[in-house]
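With full-length UniProt numbering, you'll find the sequence shown wraps up at 206, consecutive numbering, no jumps.
All C-beta atoms, glycine included, are put in the ideal place defined by N, C-alpha and C.
This structure is a prediction, so every number in the text was calculated from the model and none was measured.
Notes to accompany the following structure.
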Amino acid sequence: MVRTRQTGRRRERRATLFWLVVLVLAAGGWLWYAYSRPDAPPPSGTVLPSPSARPTGPPAGAQPVRVDFALDGDSLQVTADQAGPVIDVTEPVQLRLLGIDAPELHGADGSPQCWAETARAELQELAPHGARLWLLPDTQRLDPYGRRLVYAWTTDGRFVNGELAALGAVRELAIRPNLAHQQDLHDAVEQARAQRRGLWGSCVGR
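So, in structure tokens, the structure goes:
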């Protein structure tokens, strides 16, 4: 009789263990399915990359232009195929990227400031001759030199202003009222500074 009870208990424990394993595997399979889909939301607690590192395509309403060349690390010459809401002419125009400031190619003594040439090269890599950029304005449309003030994205959705900030190619330049993306730019610059990327590791004190 005792042996029969012990055998029954062992069978109950095995059955319970079996169903626990089945439940764990089923739950794991559901979680894998739910979060492996491209359109699934991230699990709670997941840290998302900054917008500058999250390609999603150009933003709605942005105007496409063709890059002629980079003037320095924060400005370019571009040409629009047709007039639009940001660039209203089809002649070449100069752009100034908002929220950032690259070292000058012609400093006070006439020579390039530290990291100026590298900053221009990094902008050229993001926006080479002939490439498409997609532009949006902020509150003010022109700077005192007649350049168009813009935010720019590549065709695959990289935020050019933010990419330069994240590379450590530029400093932050927040000028009211043009602050639409300033928090993202501030965060990117501060992270680059903390990690001593780009000019933050090479130009301190220069």
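By the criterion of at least three beta-carbon pairs nearer than 8 Å, the segment 126-144 is not in contact with the segment 184-204. Per DSSP, reduced to three states, the secondary structure at residue 96 is strand. Under the three-state reduction of DSSP, residue 160 is assigned to helix. Residue pairing for residue 90: DSSP places it in no beta bridge. The C-alpha of residue 60 lies about 19 Å from the C-alpha of residue 140. Bridge partners of residue 77 according to DSSP: 69 and 94. Separation of residue 127 and residue 182 (C-alpha to C-alpha, rounded to the nearest whole angstrom) is 21 Å. Taking a contact as a CB-CB distance under 8 Å, the pair residue 120 and residue 168 does not count as one, their CB atoms being some 14 Å apart.
For residue 58, the closest of 95, 79, 178 and 136 by C-alpha to C-alpha distance is 136. Each of 79, 75, 71 and 70 was checked against the Cα of residue 63, and the nearest Cα belongs to 79. Each residue's CA atom was taken as its position, placing residue 103 and residue 170 some 7 Å apart. Scanning 172, 177 and 180 for the CA closest to the CA of residue 189 turns up 172. The beta carbon of residue 174 sits closer than 6 Å to those of 182, all from its chain and outside the five residues before and after it, given in chain order.
Its Cα nearest to that of residue 125, the residue 154 stands out among 154, 148 and 110.
Contact annotation, residue 149 with residue 98: C-beta distance approximately 5 Å; criterion of less than 8 Å satisfied. At a Cβ-Cβ threshold of 8 Å, residue 81 and residue 96 do not count as neighbours.
By the Cβ neighbour-count rule, residue 195 is exposed, with fewer than 16 other Cβ atoms within 10 Å of its own.
In the DSSP assignment, the residues bridged to residue 154 are 133.
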